[in-house]
Amino acid sequence: MDKLYAAYTENNKIDPKYYDKFSVKRGLRNPDGSGVMAGVTNICNVHGYVLNEGEKCPDEGKLVFRGYNINDLVENVVAENRFGYEEIAYLLLGGKLPDKSELENFGRLLDENRELPDGFFEDMILKAPSKNIMNKMSRSVLALYSYDDCPDDTGAKHEVDTAVSIIAKMPVIMVDAYNVKQRYYNHGTMFMHPLIPGLSTAETILSLLRPDRQYTDEEAKLLDIMLMLHAEHGGGNNSTFTCRVLTSSGTDPYAAYSAAIGSLKGPRHGGANHKVLEMQRCVMENVQHWDNEGEVADFLTKILKKEAGDGSGLIYGMGHAVYTLSDPRAVILKKNAEKMAIDSEFEPEFRLLETIERLTPELFKTVRGNDKNMCANVDMYSGFVYKMLGIPEDLYTPLFATSRMAGWCAHRFEEAMTGKRIIRPAYKSVNKEKSYVKLCDR
3 MDKLYAAYTE
13 NNKIDPKYYD
23 KFSVKRGLRN
33 PDGSGVMAGV
43 TNICNVHGYV
53 LNEGEKCPDE
63 GKLVFRGYNI
73 NDLVENVVAE
83 NRFGYEEIAY
93 LLLGGKLPDK
103 SELENFGRLL
113 DENRELPDGF
123 FEDMILKAPS
133 KNIMNKMSRS
143 VLALYSYDDC
153 PDDTGAKHEV
163 DTAVSIIAKM
173 PVIMVDAYNV
183 KQRYYNHGTM
193 FMHPLIPGLS
203 TAETILSLLR
213 PDRQYTDEEA
223 KLLDIMLMLH
233 AEHGGGNNST
243 FTCRVLTSSG
253 TDPYAAYSAA
263 IGSLKGPRHG
273 GANHKVLEMQ
283 RCVMENVQHW
293 DNEGEVADFL
303 TKILKKEAGD
313 GSGLIYGMGH
323 AVYTLSDPRA
333 VILKKNAEKM
343 AIDSEFEPEF
353 RLLETIERLT
363 PELFKTVRGN
373 DKNMCANVDM
383 YSGFVYKMLG
393 IPEDLYTPLF
403 ATSRMAGWCA
413 HRFEEAMTGK
423 RIIRPAYKSV
433 NKEKSYVKLC
443 DR
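Residue 3 is where the sequence shown starts when you use this note's numbering, and the numbers rise one by one after that.
1) So, with DSSP's three-state summary, where would you put Tyr-70?
2) Name the DSSP beta bridge partners of Met-320, please?
3) When you compare each of Asp-178, Gly-200 and Ser-202 to Lys-213 by their alpha carbons, which one comes out closest?
4) Between Ile-90 and Glu-106, what straight-line distance do the alpha-carbon atoms span, to the nearest angstrom?
5) Counting Cβ pairs, one atom from each stretch, are 3 or more of them under 8 Å apart for the region 327–340 and the region 54–71?
6) Which same chain residues, not among the five before or five after Tyr-87, have their C-beta less than 6 Å away from its C-beta?
7) Under a Cβ-count criterion, where at least 16 other Cβ atoms within 10 Å of its own Cβ denotes burial, should Glu-417 be classed as buried or exposed?
8) Output the distance between the C-alpha atoms of Ala-165 and Ala-408, rounded to the nearest integer angstrom.
9) When we look at the beta-carbon of Tyr-94 and count the other beta-carbons within 10 Å, is it buried (16 or more) or exposed?
10) Step through the CB atoms of chain C and report whether any lies within less than 7 Å of the CB of Glu-62.
11) Look up Tyr-51 in the DSSP assignment and give the residues it is bridged to.
12) Which ranges would you report for the alpha helix (DSSP H) in the region 377–418 if only whole runs of at least 4 residues count?
13) Can you round the beta-carbon distance between Tyr-217 and Val-278 to whole angstroms, since I take them to be within the 8 Å contact cut?
14) Could you give the residue range of the alpha helix (DSSP H) that holds Gly-109?
15) In the DSSP output, which residue or residues are listed as bridge partners for Leu-65?
16) So, do the region 232–243 and the region 126–134 have three or more beta carbon pairs nearer to each other than 8 Å?
17) Can you tell me the Cβ-Cβ gap for Glu-234 and Ala-412, rounded? I've got them flagged as a contact below 8 Å.
18) Taking contact to mean at least 3 C-beta pairs separated by less than 8 Å, is the region 285–298 in contact with the region 257–270?
19) Quick check: what's the CA-CA separation for Ser-142 versus Met-136?
20) Would you list the one or two residues that DSSP bridges to Arg-31?
21) Quick one: residues in its chain with C-beta nearer than 8 Å to the C-beta of Leu-111, no 5 flanking neighbours on either side, listed in chain order?
22) Can you give me the C-alpha to C-alpha distance between Arg-84 and Ile-393, rounded to a whole angstrom?
23) Can you tell me where the alpha helix (DSSP H) with Ile-469 in it begins and where it stops?
24) Whose C-beta lies closer than 6 Å to the C-beta of Leu-146 among residues of the same chain, with five residues either side of it excluded?
25) Can you check which of these residues, Arg-331, Met-342 and Arg-370, is closest to Ala-378 by C-alpha distance?
26) Quick check on DSSP: helix, strand or coil for Leu-118?
27) So, helix, strand or coil for Phe-243, using DSSP?
28) Quick check on this structure: which residue in Lys-422, Met-390 and Ala-310 has the alpha carbon closest to the alpha carbon of Glu-347?
29) If you follow the alpha helix (DSSP H) that Thr-253 is part of, which residue opens it and which one closes it?
30) Is the beta carbon of Lys-366 sitting closer than 7 Å to the one on Met-376?
31) Suppose you measure from the CA of Arg-423 to the CA of Lys-337; what does that come to, to the nearest Å?
32) What span of residues does the alpha helix (DSSP H) with Lys-422 cover, start to end?
33) Are the Cβ atoms of Gly-272 and Phe-402 separated by less than 7 Å?
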């Protein structure tokens, strides 16, 4: 095995010169960081810059679902003091905003589909506990294939029914997987509450998660905003593209959605929120006076110089692949997080995050000599919000997946209906042919 271990390193490196020689766009990215155009979509527009005569120019961020700006979607829900994730899910799946009757019927449909199949919890979750909730969610979604009478049916009715069923079950799978992990790996207690009909997705999550099942309306509606903001983010993000790639092969929905969860788990994608938390904790532990901008700036400078933090030189939670001047999700989240943090024990931490957000661009320019536009991304404040809600860190990325399932489903529908061709990019082989050597001569 030692030789195989060595071969892993020796035989899997490609000389970087080949990427330039053959004009390979690593990560499907153009030299300016923008994504290679791989498709068209009616579902979502993620806008962060404009191209002016071929030059990438910064712009305020916009996130648009089916033609509707995320700011309008969230602000109207907040103004009407109601829950909005179900409306977003319907919009993404159906392509239009539901009327009152359609929204109520959709809510009832989610209610009817939340329960896991008989024996599923015992066989798929309890008997095989996982240290990672995302892996268990991926496995569980894939396992639902076995409980479907026609799992390979890719007709419209079955696709829609399956999507609604999985969206409804994600909160239950997530909380069940967490409770089992608590019992087996953290020596905690499992709380297996029955479902309460008529609750929103956000309320269902808090009701299942909390031992006493108690939560305030303000808490549930803040979590609902989190779900709305994470529900969709364009066809080019890694997990959505993964879902579309699998869909293009003609595979079943369970395989496509399970793979998307696996992609989101990665620390360069949805799992990035854990790196943000680690960095924020590091700042809080090493800066004595959080309200002293000079102290904060000095420590952030150490992080940028790789003298502190994880040694990467990165200030996690700042910067985005598309957004330049602002991430609309971060703007909305910051505004609503502040409402809950004001006059509470969490206000000093919120102010510290504000300070990190404000200081980082200028420090990045000073330390690195780089005047790249940089804004806070959604992860800067998402972990803080979950912390205020008392949600364990194990569930930060799983909550992202629970919300994003609606977007994945919408993109699967679109790829299945209009793609009509398996996604197969080209790879240039740079290995030269060799003459075969007989076993006895090696």
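Glycine is no exception: its CB is placed at the ideal position from the N, C-alpha and C atoms.
Looking at the atomic coordinates:
1) Locating residue 70 in the sequence shown gives position 68, where the first residue counts as 1. Strand.
2) The count along the sequence shown starts at 1 and reaches residue 320 at position 318. DSSP output for Met-320 lists Ala-378 as bridge partner(s).
3) Reading the sequence shown from its first residue, position 211 is the one you call residue 213. Contrary to the premise, residue 213 reads as Pro rather than Lys in this sequence. Nearest option by C-alpha distance: Asp-178.
4) Indexing the sequence shown from 1 puts residue 90 at position 88. Indexing the sequence shown from 1 puts residue 106 at position 104. Answer to the nearest angstrom: the Cα atoms are 13 Å apart.
5) yes
6) Position 85 of the sequence shown, counted from the first residue, corresponds to residue 87. Excluding positions up to five away in sequence, the list reads Thr-203, Asp-226, Leu-229 and Met-230.
7) Along the sequence shown, one-based indexing puts residue 417 at 415. Under this definition Glu-417 is a buried residue.
8) For the purposes of this step, residue 165 is taken as the residue at position 163 of the sequence shown. For the purposes of this step, residue 408 is taken as the residue at position 406 of the sequence shown. The straight-line gap from Cα to Cα measures roughly 8 Å.
9) Here the question's residue 94 lines up with position 92 in the sequence shown. This sequence places Leu at residue 94; Tyr is not what is there. So Leu-94 ends up on the buried side.
10) This model lacks chain C altogether, as it is built from one protein chain only.
11) In the sequence shown, counting from the first residue as 1, residue 51 sits at position 49. According to DSSP, which records beta bridges pairwise, Tyr-51 is partnered with Pro-60.
12) 381–390 and 398–416
13) As a working mapping, residue 217 is identified with position 215 in the sequence shown. As a working mapping, residue 278 is identified with position 276 in the sequence shown. Beta-carbon to beta-carbon, Tyr-217 and Val-278 are separated by about 25 Å, too far to satisfy the 8 Å threshold.
14) One-based indexing of the sequence shown puts residue 109 at position 107. Element bounds for Gly-109: 102–115.
15) Here the question's residue 65 lines up with position 63 in the sequence shown. Paired residue(s): Val-48.
16) no
17) The residue given as residue 234 occupies position 232 in the sequence shown. The residue given as residue 412 occupies position 410 in the sequence shown. Glu-234 to Ala-412, Cβ: 7 Å. Contact.
18) The answer is no - the region 257–270 does not touch the region 285–298, with fewer than three Cβ pairs under 8 Å.
19) Along the sequence shown, read from residue 1 onward, the residue named residue 142 stands at position 140. Along the sequence shown, read from residue 1 onward, the residue named residue 136 stands at position 134. So the two alpha carbons sit approximately 10 Å from each other.
20) Within the sequence shown, residue 31 is the residue found at index 29, counting from 1. The partner list for Arg-31 (beta bridge, DSSP) reads Gly-37.
21) The residue given as residue 111 occupies position 109 in the sequence shown. Taken in chain order, the residues that qualify are Val-166 and Ala-170.
22) Here residue 84 is taken as the residue at index 82 of the sequence shown, counted from 1. Here residue 393 is taken as the residue at index 391 of the sequence shown, counted from 1. Cα to Cα, the separation comes out at about 21 Å.
23) Since the first residue shown for the chain is 3 and the last is 444, residue 469 is missing from the structure and cannot be characterised.
24) Taking the first residue of the sequence shown as position 1, residue 146 is located at position 144. Excluding positions up to five away in sequence, the list reads Tyr-256.
25) Position 376 of the sequence shown, counting from 1, holds the residue named residue 378. For the residues Arg-331, Met-342 and Arg-370, the minimum Cα distance to Ala-378 belongs to Arg-331.
26) To locate residue 118, count along the sequence shown from 1; it is residue 116. Note: Leu-118 maps to coil in three-state DSSP.
27) If you number the sequence shown from 1, residue 243 lands on position 241. Helix at Phe-243.
28) The residue given as residue 347 occupies position 345 in the sequence shown. With distances taken between Cα atoms, Glu-347 lies closest to Met-390.
29) Start at 1 with the first residue of the sequence shown, and residue 253 comes out as number 251. Segment: none, Thr-253 is in no alpha helix (DSSP H) and carries neither H nor E.
30) Taking the first residue of the sequence shown as 1, we reach residue 366 at position 364. Taking the first residue of the sequence shown as 1, we reach residue 376 at position 374. At residue 366 the sequence reads Phe, which differs from the Lys that was named. The answer is yes: Cβ separation under 7 Å.
31) Within the sequence shown, the letter at position 421 stands for residue 423. Within the sequence shown, the letter at position 335 stands for residue 337. So the two alpha carbons sit approximately 43 Å from each other.
32) Here residue 422 is taken as the residue at index 420 of the sequence shown, counted from 1. It is not in any alpha helix (DSSP H) - Lys-422 carries neither H nor E in the DSSP assignment.
33) By one-based count along the sequence shown, residue 272 stands at place 270. By one-based count along the sequence shown, residue 402 stands at place 400. Yes.
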